[in-house]
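The structure appears below as structure tokens.
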Amino acid sequence: MNGRSFSGKRYRKWVMPVLLLAILAEAAALVCGVRLGSLGKSFISGFSFLAGAIPPDWGAFPELLRPALESVVIALTGTLVGTLVSLLFGLAAASNISPAWLKQTTRLLLGMERSLPEIVILLFLVAAFGLGPFAGVLALTIGCVGMLGKLIGDAIEEIDPVTVESIQAVGAGKLQVMVFGIVQQIIPSVISFALFRFELSIRLSIVLGAVGAGGIGLELYRSFYLLDYHRACSALIVTLVMVLATERLSAFLRKKVRKEGALR
Amino acid sequence: MIEVRNISKRLPDGRKVLDNISFSVGKGEFVGILGASGAGKTLTLRCLNGLLKPDSGAILMKDASGQVQDICKVSRIRLRKLRQKIGVIFQGYHLVKRLTALDNVLIGRLGQISTFRSLFYGFTDEEAEMASQALEQVKIPQLAGTRVNSLSGGEMQRVAIARAIFQSPNLLLADEPISNLDPSNAKVIMKLIRPLSEFMPVIGVFHQPEMTARYCTRVIAIKEGRIIYDGDPKLSQDQLIDIYGEELRQIENARP
Numbered sequence: 001m002n003g004r005s006f007s008g009k010r011y012r013k014w015v016m017p018v019l020l021l022a023i024l025a026e027a028a029a030l031v032c033g034v035r036l037g038s039l040g041k042s043f044i045s046g047f048s049f050l051a052g053a054i055p056p057d058w059g060a061f062p063e064l065l066r067p068a069l070e071s072v073v074i075a076l077t078g079t080l081v082g083t084l085v086s087l088l089f090g091l092a093a094a095s096n097i098s099p100a101w102l103k104q105t106t107r108l109l110l111g112m113e114r115s116l117p118e119i120v121i122l123l124f125l126v127a128a129f130g131l132g133p134f135a136g137v138l139a140l141t142i143g144c145v146g147m148l149g150k151l152i153g154d155a156i157e158e159i160d161p162v163t164v165e166s167i168q169a170v171g172a173g174k175l176q177v178m179v180f181g182i183v184q185q186i187i188p189s190v191i192s193f194a195l196f197r198f199e200l201s202i203r204l205s206i207v208l209g210a211v212g213a214g215g216i217g218l219e220l221y222r223s224f225y226l227l228d229y230h231r232a233c234s235a236l237i238v239t240l241v242m243v244l245a246t247e248r249l250s251a252f253l254r255k256k257v258r259k260e261g262a263l264r
Numbered sequence: 265m266i267e268v269r270n271i272s273k274r275l276p277d278g279r280k281v282l283d284n285i286s287f288s289v290g291k292g293e294f295v296g297i298l299g300a301s302g303a304g305k306t307l308t309l310r311c312l313n314g315l316l317k318p319d320s321g322a323i324l325m326k327d328a329s330g331q332v333q334d335i336c337k338v339s340r341i342r343l344r345k346l347r348q349k350i351g352v353i354f355q356g357y358h359l360v361k362r363l364t365a366l367d368n369v370l371i372g373r374l375g376q377i378s379t380f381r382s383l384f385y386g387f388t389d390e391e392a393e394m395a396s397q398a399l400e401q402v403k404i405p406q407l408a409g410t411r412v413n414s415l416s417g418g419e420m421q422r423v424a425i426a427r428a429i430f431q432s433p434n435l436l437l438a439d440e441p442i443s444n445l446d447p448s449n450a451k452v453i454m455k456l457i458r459p460l461s462e463f464m465p466v467i468g469v470f471h472q473p474e475m476t477a478r479y480c481t482r483v484i485a486i487k488e489g490r491i492i493y494d495g496d497p498k499l500s501q502d503q504l505i506d507i508y509g510e511e512l513r514q515i516e517n518a519r520p
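Protein sequence lines correspond, in order, to chains A and B.
94 is the number that my numbering gives to position 94 of the first sequence; each next residue is one higher, with no gaps.
520 is the number that my numbering gives to position 256 of the second sequence; each next residue is one higher, with no gaps.
So this is what it looks like as structure tokens:
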């Protein structure tokens with residue numbers, strides 16, 4: 001490195017921003033009342049909590065199975081019902097089969113839904129229907145429709161139009177054309193979308209559980225709340241196994257769908 | 265018997281793509297429609313089963329009950345009734361890929377059974393038996409249970425023919441049925457289609473004059489939306505140049 005590298009350009013590019021950032025951080029710390037020393041102390045106490053959580057509460061596992069199953073059922077029901085409803089929304093959102101006004105309205109509705117996080121939807125639903133799995137299932141269903149409705153709509157826009165014509169050409173009715181011409185062509189995509197959404201729903205169902213939908217999320221939240229860290233650790237392990245297992249299963253099934261076109 | 269009377273069609277941009285087309289085809293005839301790309305062959309064929317409505321003219325054919333109908337003017341429900349008796353073989357392979365060969369053949373009668381029955385796969389054993397016989401007729405009975413997306417092009421086109429046979433139509437239309445096939449498969453398909461003309465008029469669009477000369481009973485040539493030839497399937501070199509344009513002569517001359 002020679003003397004020329006300490007040029008004005010280098011100074012503007014590196015030294016100034018770093019200095020500014022440091023000043024900004026210090027200012028922010030002052031305003032919020034954070035002190036570097038206490039940060040270090042909390043860091044240690046944070047880790048000591050981890051030590052307090054190990055070993056997990058082995059006895060809690062049997063009683064955690066039921067809430068875990070509940071979470072899976074919430075996610076599964078939400079995804080299943082959501083996928084079926086999405087099919088209708090997808091048909092309405094596809095420009096090649098539905099009139100412009102219907103397509104526009106449906107896409108707008110789906111877009112609006114997607115801009116709301118599931119947790120916000122759940123808060124509304126809990127206010128309307130009370131705490132419990134029903135509100136959770138409904139929130140996941142609505143979230144599923146927002147996502148899959150658009151994806152299925154896009155998939156329908158890309159189907160082979162001549163296959164649809166070939167079904168019309170034998171004198172088939174509207175519903176028959178829809179089922180044999182359109183739905184048959186998108187089934188592999190729909191299955192793949194639904195599996196992907198199921199993975200997402202499982203993870204969401206844990207978060208929603210903590211907010212009031214029940215299931216393993218609630219157990220996790222409650223254990224932390226009661227400072228029962230050993231039990232929280234058990235719930236964490238159950239959650240991890242659950243999420244990993246569904247991801248593996250979903251990946252396996254999606255690969256099968258891709259390879260064979262569909263499950264049979 | 266199908267009669268086409270003076271049909272014309274303009275595109276939205278004002279270009280006339282069909283100009284006063286008239287012809288009639290009876291049982292026992294296998295008519296090949298020839299013409300350069302964009303001449304109006306496929307459009308004519310699409311008019312014949314009501315996928316496209318001409319601006320003027322009439323297309324007369326008998327429906328299932330023997331009454332003469334104009335397919336350009338019938339209601340939606342009547343159109344469905346007419347289509348039940350029109351078999352169509354499309355260019356390329358537009359079968360329902362996820363279903364088996366047998367299911368695809370059964371689709372031929374979708375219009376003839378109730379919606380409720382079809383949605384729950386309510387085809388009877390007799391119908392399934394007839395569909396397998398149709399597959400036997402096109403010499404692929406062993407593929408009945410195979411899913412269509414694993415068949416070859418020639419096999420898929422045979423399934424399409426079997427579907428048309430099972431439909432037991434009064435008229436068979438074929439839109440470039442051999443365009444995507446190798447020469448030997450193309451011959452097989454032509455050999456399968458020709459005997460069907462004993463029972464119904466068969467009208468096909470082709471790009472292979474040597475094939476129509478060999479298998480068709482009559483050729484209609486279309487150029488710029490008008491019929492410029494209607495008669496014997498064996499065309500002279502000059503007639504072919506008339507149909508396909510001067511470029512053909514240059515190509516022929518360039519041959520050693």
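C-beta: ideal position from N, C-alpha, C; glycine also.
8 Å Cβ cutoff, residue i in contact with chain B
i: residue 160/A; result: yes
i: residue 253/A; result: no
i: residue 149/A; result: no
i: residue 83/A; result: no
i: residue 262/A; result: In this prediction, residue 262/A has a pLDDT of 48, which is less than 50 and means its spatial position is unreliable; what the coordinates show is noted afterwards. Answer yes: the Cβ-Cβ gap between residue 262/A and chain B drops below 8 Å somewhere.
i: residue 184/A; result: yes
i: residue 247/A; result: no
i: residue 116/A; result: no
Given residue i as reference, the closest of the options once Cα atoms are compared
i: residue 229/A; options: 55/A, 108/A, 37/A, 171/A; result: 55/A
i: residue 475/B; options: 399/B, 297/B, 321/B; result: 297/B
i: residue 116/A; options: 103/A, 243/A, 140/A; result: 140/A
i: residue 271/A; options: 227/A, 114/A, 253/A, 205/A; result: The shown model of chain A, from 1 to 264, leaves out residue 271/A, and the question about it has no answer.
i: residue 499/B; options: 320/B, 329/B, 458/B, 484/B; result: 484/B
i: residue 347/B; options: 436/B, 319/B, 363/B; result: 436/B
i: residue 198/A; options: 71/A, 162/A, 10/A, 258/A; result: 71/A
i: residue 491/B; options: 415/B, 304/B, 326/B; result: 304/B
i: residue 488/B; options: 301/B, 291/B, 397/B; result: 301/B
CB contact check: residue i to chain A, cutoff 8 Å
i: residue 356/B; result: yes
i: residue 321/B; result: no
i: residue 301/B; result: no
i: residue 531/B; result: Outside the modelled stretch of chain B, which goes from 265 to 520, sits residue 531/B, for which no answer is possible.
i: residue 379/B; result: yes
i: residue 318/B; result: no
i: residue 422/B; result: no
i: residue 417/B; result: no
i: residue 274/B; result: no
i: residue 324/B; result: no
Contact check, residue i vs residue j, beta carbons under 8 Å
i: residue 375/B; j: residue 344/B; result: yes
i: residue 447/B; j: residue 289/B; result: no
i: residue 238/A; j: residue 216/A; result: yes
i: residue 166/A; j: residue 354/B; result: yes
i: residue 86/A; j: residue 144/A; result: yes
i: residue 450/B; j: residue 412/B; result: no
i: residue 169/A; j: residue 180/A; result: no
i: residue 497/B; j: residue 477/B; result: yes
i: residue 441/B; j: residue 418/B; result: no
i: residue 457/B; j: residue 445/B; result: no
i: residue 89/A; j: residue 108/A; result: no
i: residue 358/B; j: residue 79/A; result: no
i: residue 269/B; j: residue 286/B; result: yes
i: residue 379/B; j: residue 175/A; result: yes
i: residue 153/A; j: residue 68/A; result: no
Per-residue contacts from residue i into chain A (C-beta, under 7 Å)
i: residue 371/B; result: 167, 170, 180
i: residue 360/B; result: 163, 180, 184
Where residue i meets chain B, residues with beta-carbon distance less than 8 Å
i: residue 265/A; result: Missing from the structure shown is residue 265/A; chain A here goes from 1 to 264 and no further.
i: residue 187/A; result: 362
i: residue 175/A; result: 379, 383
Beta-carbon proximity list for residue i, same chain, < 7 Å, skipping 5 on both sides
i: residue 264/A; result: Low per-residue confidence applies at residue 264/A: pLDDT is 44, beneath 50, and the placement is therefore not dependable, though the value from the model is reported in the following sentence. No residues qualify anywhere along the chain.
i: residue 371/B; result: 360, 427
i: residue 8/A; result: none
i: residue 1/A; result: Only weak support is given to the placement of residue 1/A: the predicted model assigns it a pLDDT of 47, under 50, and the question is left unresolved by the model.
Beta-carbon proximity list for residue i, same chain, < 8 Å, skipping 5 on both sides
i: residue 262/A; result: With a pLDDT of 48 at residue 262/A, under the threshold of 50, the predicted position of this residue should be treated as unreliable, though the coordinate-derived value follows. So the list reads 187, 188, 191, once near-sequence residues are dropped.
i: residue 102/A; result: 92
Residue i: contacting residues in chain A (beta-carbon distance under 9 Å)
i: residue 333/B; result: Ordered by position in chain A, no residue passes the 9 Å Cβ test against residue 333/B, which lies about 13 Å from the chain.
i: residue 339/B; result: Residues of chain A passing the Cβ test: none, with the nearest at roughly 13 Å.
i: residue 352/B; result: 165, 166, 169, 170
Own chain, CB closer than 6 Å to residue i, minus 5 neighbours either side, in chain order
i: residue 422/B; result: 402, 404
i: residue 266/B; result: 289, 325, 435, 465
i: residue 398/B; result: 369, 426, 429, 430
Contacts of residue i in chain A (Cβ-Cβ under 8 Å)
i: residue 431/B; result: 170
i: residue 348/B; result: 170, 171
i: residue 344/B; result: 171, 172, 173
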